[in-house]
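With the first letter of the sequence shown counted as 1, position 66 gets the number 66 in our numbering; the numbers rise by one all the way through. Don't be surprised by glycine CBs; every beta carbon is placed ideally from N, CA and C. Predicted, not measured: the structure shown is a model, and the values here were computed from it.
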Amino acid sequence: MSLPAVLLENALHWRRQLHQHPELGYQEQQTSELVANVLADAGLQVFRGLAGTGVIGTLENGPGPIIGLRADMDALPITEKGDPQWKSQQAGVMHACGHDGHTAILLAAACHLATTRNFSGTLHFIFQPAEENLGGARKMVEEGLLQRFPMDAVYAMHNWPGMPVGTLAVNPDAMMASLDSFEITLHGKSCHAAMPESGADPMVVAAELILALQTIPSRRLSPLASAVVSVTQIHGGEAINVIPEQIVLRGTVRCLQTDVRNRVRGLIEDFVTTLPRPFGVSGEIHWYPGYPVTANHAEQAEQVRAVAVDMLGEAQVSWQVNPSMASEDFACMLEACPGAYFWLGADGATPSAPLHNAHYDFNDELLPIGITFWQQLVERVLAKT
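Quick look at the structure:
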């Protein structure tokens with residue numbers, strides 16, 4: 001079944017309007033206003049304010065299961081370097097991850113399903129704020145998403161550069177890695193740089209520690225385990241002739257298994273506590289727990305795979321694809337409710353710029369594919385009997 005031309009025109013208009021007016025996490029005022037107005041005009045019940053700028057649109061159509069479909073709405077603090085006609089008008093902010101496209105797709109799917117109603121059950125269209133590092137999904141769950149809007153399953157999609165348009169990837173288990181951040185403080189004793197024996201040098205310890213942490217994935221874990229430990233910042237020192245009193249290191253840990261995540265944390269803490277001692281330096285670590293592993297539930301992943309095979313063809317569907325070591329806060333919804341997260345290929349005739357790149361722009365060829373997929377998934381999961 002082809003989609004109405006006016007629906008596709010609207011989806012394209014919404015996508016490019018959102019791209020021109022990007023908003024950072026928890027600041028999606030114009031975005032949520034647009035979403036709420038479109039949903040209300042389509043006849044859905046609209047609920048606002050969950051996690052601040054979140055919007056839920058509910059469509060009931062007879063008895064049956066209840067499922068949720070989620071789109072993320074926030075942009076990134078990046079200055080756009082491409083030059084589309086719909087280029088960002090907000091200095092230093094752009095949709096560099098395709099959330100403008102995800103939102104437009106789900107809005108159009110909501111409008112279309114409100115018209116066709118070829119299903120039996122209830123749909124919750126979840127427009128989530130603050131996916132980028134700020135934990136909007138977790139906040140929605142903590143503020144009662146699943147108590148106020150009970151669901152039997154929840155689903156989310158993400159465009160994926162590196163895969164061609166017309167392809168889909170889904171796993172029955174992990175799709176994306178967990179994310180935790182850390183801050184390590186090394187306390188030494190400052191002294192003249194020409195007389196290091198009179199102090200305790202935290203700079204040397206920082207160098208040793210950075211190298212030591214890299215042995216965790218390579219020497220302390222099984223080669224079959226998946227983990228990345230990255231130290232991304234080092235701060236300390238004021239004068240070139242003074243050994244500093246303190247050094248601060250910051251970084252992230254990514255894992256694909258929860259037990260590996262816990263083990264890596266313990267190993268890092270051991271290194272921070274024990275490695276500095278022979279140097280006369282002490283170390284402490286503060287953890288900032290982020291997102292859990294984005295782990296699909298097998299039944300819902302299989303539903304996604306089956307719809308994709310019917311719609312795109314078996315050769316276009318990847319099952320048991322290599323997960324990404326990037327992270328996704330939809331994991332917090334999957335911890336609380338069965339569901340599945342999947343990727344839609346984004347590369348057209350010209351390969352897409354990577355996600356989070358200043359030249360990235362959502363490929364509008366995905367709009368009809370995404371809308372149709374949501375329609376067919378709903379009609380399969382909530383099939384009329």
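Quiz item: Just how far apart, CA to CA, sit P338 and V293?
Solution: Translated into the one-based positions of the sequence shown, residue 338 becomes position 338. Translated into the one-based positions of the sequence shown, residue 293 becomes position 293. The straight-line gap from Cα to Cα measures roughly 14 angstroms.
Quiz item: CB L355 to CB A96, shorter than 9 angstroms?
Solution: Start at 1 with the first residue of the sequence shown, and residue 355 comes out as number 355. Start at 1 with the first residue of the sequence shown, and residue 96 comes out as number 96. Going by C-beta atoms, L355 is nearer than 9 angstroms to A96.
Practice problem: Give me the Cβ distance between T103 and G345, rounded to the nearest whole Å; I'm assuming they're in contact under 8 angstroms. | Solution: Position 103 of the sequence shown holds residue 103. Position 345 of the sequence shown holds residue 345. Contact flag wrong, Cβ pair sits at about 19 angstroms.
Quiz item: Helix or strand or just coil, what does DSSP make of T167?
Solution: As a first step, residue 167 must be located in the sequence shown, where it is residue number 167. T167: coil per DSSP, three-state reduction.
Quiz item: Taking Cβ positions, are A137 and R70 nearer each other than 9 angstroms?
Solution: Counting from 1 along the sequence shown, the entry for residue 137 is found at position 137. Counting from 1 along the sequence shown, the entry for residue 70 is found at position 70. Cβ atoms of A137 and R70: closer than 9 angstroms.
Quiz item: Helix, strand or coil: how does DSSP classify V228 here?
Solution: For the purposes of this step, residue 228 is taken as residue 228 along the sequence shown, with counting starting at 1. Three-state result, V228: strand.
Self-check item: Alpha carbon of D100 to alpha carbon of R15, nearest angstrom
Solution: In the sequence shown, residue 100 corresponds to position 100, counting from 1. In the sequence shown, residue 15 corresponds to position 15, counting from 1. Rounded to whole angstroms, D100 to R15 spans 5 angstroms at the Cα level.
Exercise. Have a look at V248 and I210 and give me their C-alpha separation to the nearest angstrom.
Key: Within the sequence shown, residue 248 is the residue found at index 248, counting from 1. Within the sequence shown, residue 210 is the residue found at index 210, counting from 1. C-alpha separation (whole angstroms): 12 angstroms.
Quiz item: Any chance the segment 301 to 309 sits against the segment 113 to 123, with 3 or more Cβ pairs inside 8 angstroms?
Solution: Under the 8 angstroms Cβ criterion, the segment 301 to 309 does not count as touching the segment 113 to 123, having fewer than three qualifying pairs.
Quiz item: Taking the continuous beta strand (DSSP E) assigned at I78, which residues delimit it?
Solution: Here residue 78 is taken as the residue at index 78 of the sequence shown, counted from 1. Here I78 belongs to no beta strand (DSSP E), and DSSP marks it neither H nor E.
Practice problem: For F279, name the three-state secondary structure that DSSP assigns. | Solution: Here residue 279 refers to the residue found at position 279 when the sequence shown is read from its first residue. Helix at F279.
Quiz item: If we ignore side chains and look at the alpha-carbon of each, how far apart do G135 and L146 end up?
Solution: The residue labelled residue 135 in the question sits at position 135 within the sequence shown. The residue labelled residue 146 in the question sits at position 146 within the sequence shown. C-alpha separation (whole angstroms): 16 angstroms.
Quiz item: In the structure shown, what three-state DSSP assignment does D337 receive?
Solution: Residue numbering aside, residue 337 sits at position 337 when the sequence shown is read from its first letter. The identity of residue 337 in the sequence shown is Cys, whereas the question assumes Asp. Coil at C337, not helix or strand.
Quiz item: For the alpha helix (DSSP H) that contains G370, what are its first and last residues?
Solution: The count along the sequence shown starts at 1 and reaches residue 370 at position 370. First-last of the alpha helix (DSSP H) with G370: L366 to V381.
Quiz item: Smallest Cα separation from A169: which of L367, A315 and Y291?
Solution: The sequence position of residue 169 within the sequence shown is 169, counting from 1. Residue A315 is the option with its Cα nearest to A169.
Exercise. Check whether the segment 274 to 286 touches the segment 223 to 231, taking contact to mean three or more Cβ pairs, one atom from each stretch, closer than 8 angstroms.
Key: As far as the Cβ criterion goes, the segment 274 to 286 does not touch the segment 223 to 231, which means the pair count is below three.
Quiz prompt | Local conformation of N262 per DSSP, three classes | solution = Your numbering for residue 262 matches position 262 in the sequence shown. It is helical.
Quiz item: Assuming I126 contacts I56 under a Cβ cut-off of 8 angstroms, what Cβ separation, rounded to an integer in Å, is found between them?
Solution: One-based indexing of the sequence shown puts residue 126 at position 126. One-based indexing of the sequence shown puts residue 56 at position 56. About 6 angstroms separates the CB atoms of I126 and I56; that is less than 8 angstroms, so the two are in contact.
Quiz item: In the structure shown, what three-state DSSP assignment does T426 receive?
Solution: What is shown of the chain runs 1 to 385, which leaves residue 426 out entirely.
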